[in-house]
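Here the structure comes first, spelled out in structure tokens, and everything after it is commentary.
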Ligand code: ADP
Ligand code: FDM
Ligand code: MG
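In UniProt numbering, the protein residues as written are 2 to 216.
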């Protein structure tokens, strides 16, 4: 049997709708973790720096076209190509904050019409986060945060479907107990305070338990 690491870091996914404040909160969280002298790093998904990431980037910018299945598998492959490093780093004591992860992967593709179970399959076996922090924002509040950007999925119809799929997935994974839903309509500081509490809990949980895999 694999020995259980006693001082590993935590693996934490920040998920949510576009403009919910994921990237803002991830940056603030990284600053605070580093200020407190913790070993922590940020992992954005998609990671657009790799060869696969560059294909994803050009798809999102609509400079290339891909079949829905093909891009779905590329998003998953982008996670798999980084999985070994994530696993190694967490076991060496690094806390890794992920700006989006498999949950975005499932809901965006399912929102386009691919089957929910089909969408989950390629990600099974990836490192499972100790906590998934879901930043929940109403459509009205999202609209207040300014217009859409230029990327492929930043259109109202897609955003509505993604919102529905996130609701569906939240119900589906409820029993797993690792989703924490936060009201992302609060101020940046309030949301940060709540996230900080959840991160400390996740780090506590991570002590003495091995990292699990996505079922
Ligand atoms: P995401 O990464 O989830 O798409 P961002 O962090 O890029 O979201 O934030 C989207 C926009 O909303 C930015 O202009 C950001 O400054 C603003 N914003 C983020 N959090 C809040 C908040 N709690 N209240 C009001 N505006 C926010
Ligand atoms: N996205 C992100 C997916 O469709 N599948 C995935 O697996 C992931 C991780 O890519 F529209 C979508 C979600 C969003 C876009 O935007 C990435 P950001 O601004 O880089 O998070
Ligand atoms: Mg972002």
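We treat Cβ as the ideally placed atom computed from N, Cα and C, and that holds for glycine.
The structure displayed is predicted, hence computed values, not measured ones.
Any alpha helix (DSSP H) of 4 or more consecutive residues that is wholly inside the segment 63-112: Contiguous alpha helix (DSSP H) elements confined to the segment 63-112 occur at 69-92 and 103-112, taking only those with 4 or more residues.
Starting from the N-terminal side, write out each stretch of the alpha helix (DSSP H) that is 4 residues or longer and does not extend beyond the segment 29-62. With a minimum length of 4 residues, the continuous alpha helix (DSSP H) runs that stay inside the segment 29-62 are 52-61.
Output the distance between the C-alpha atoms of residue 140 and residue 45, rounded to the nearest integer angstrom. In the chain shown, the residue the question calls residue 140 occupies position 139. In the chain shown, the residue the question calls residue 45 occupies position 44. Roughly 24 Å between the two C-alpha positions.
Over the uninterrupted alpha helix (DSSP H) stretch that includes residue 18, give me the two end residues. Position 17 of the chain shown, counted from the first residue, corresponds to residue 18. Counting along the chain, residue 18 falls outside any alpha helix (DSSP H), and DSSP gives it neither H nor E.
For residue 40 and residue 211, the rounded distance between their alpha carbons: Numbered from its first residue, the chain shown carries residue 211 at position 210. Numbered from its first residue, the chain shown carries residue 40 at position 39. CA-to-CA, the gap between residue 211 and residue 40 works out to about 18 Å.
Outcome for residue 22 when other beta-carbon atoms lying within 10 angstroms are tallied against a minimum of 16: Within the chain shown, numbered from 1, the residue matching residue 22 stands at position 21. The residue in question, residue 22, is buried, as its Cβ has 16 or more Cβ neighbours within 10 Å.
With a 10 Å radius around its C-beta and 16 neighbouring C-beta atoms as the bar for buried, classify residue 104 as buried or exposed. For the purposes of this step, residue 104 is taken as the residue at position 103 of the chain shown. With 16 or more other Cβ atoms from the protein chains shown falling within 10 Å of its own Cβ, residue 104 counts as buried.
When DSSP labels each residue in this structure, what does residue 213 get in the three-state scheme? As a working note, residue 213 is residue 212 in the chain shown. Three-state DSSP puts residue 213 in a strand.
What runs of the alpha helix (DSSP H), each 4 residues or longer, lie entirely inside the segment 153-202? Qualifying alpha helix (DSSP H) stretches, in chain order: 157-173.
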